[in-house]
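What follows is a single structure, written as structure tokens, with notes after it.
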Amino acid sequence: MNERRIPWYISILSATLLILLFVLCIFFVREYRHAQQVREINSYRTVVNTIRRTHPLTLFEVGVIEPWMTFRYINTLFNLPQDYLRTTLSISEKKYPNIAIGKYARNKKINAVIFERSVKARVEEYLRSSIQLSQ
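The letter at position 67 of the sequence shown is residue 139 when you use our numbering, and the numbering goes up by one with no holes.
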């Protein structure tokens, strides 16, 4: 029986190409997922911007607050006074209001979800008080 042996360099080349193909597949899957997330965030921002352009958001729309939003953006969306969140949340950050609430929570080592809830609660509090004052 006459067996033909594959040269060692072809085996190494084949293995290297398979590993490269595997790494490229992983890279493309990650990039695809990232692109989906970016598309989702952009469509969400478009909806929020459309709503914001037509009127300030109301008490029932506080749920749109997300960690990527800056304090300035939230103030604008809900027509809050510039320093309302700074005062009620005791924020001493120099970058206020131009810092995202998620980044602020990370910088202060606060749980981001809990901090987001407290921002939503303060916004609700303000909107409830402004409704009561207008009645």
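Note that CB positions come from ideal geometry on N, CA and C, so glycine has one too.
Query	Result
To the nearest angstrom, report how far apart Leu152 and Ser162 are at their CA atoms.	16 Å
Using the C-alpha atoms, what's the distance from Tyr198 back to Val101?	44 Å
Please report the Cβ distance between Arg158 and Tyr168, rounded to the nearest whole angstrom; I am assuming they are in contact, meaning their Cβ atoms lie under 8 Å.	5 Å
Do three or more CB pairs link the region 135-149 to the region 184-195 at distances below 8 Å?	yes
Taking just the CA atoms, how far does Ser83 sit from Arg77?	10 Å
Pull up the CB-CB distance for Ile137 and Val195, whole angstroms please, since I reckon it's below 8 Å.	7 Å
For Glu133 and Ile186, I'd like the C-alpha separation in whole angstroms.	18 Å
Ordered along the chain, which non-local residues of its own chain (more than five positions away) have a Cβ less than 7 Å from that of Thr88?	none
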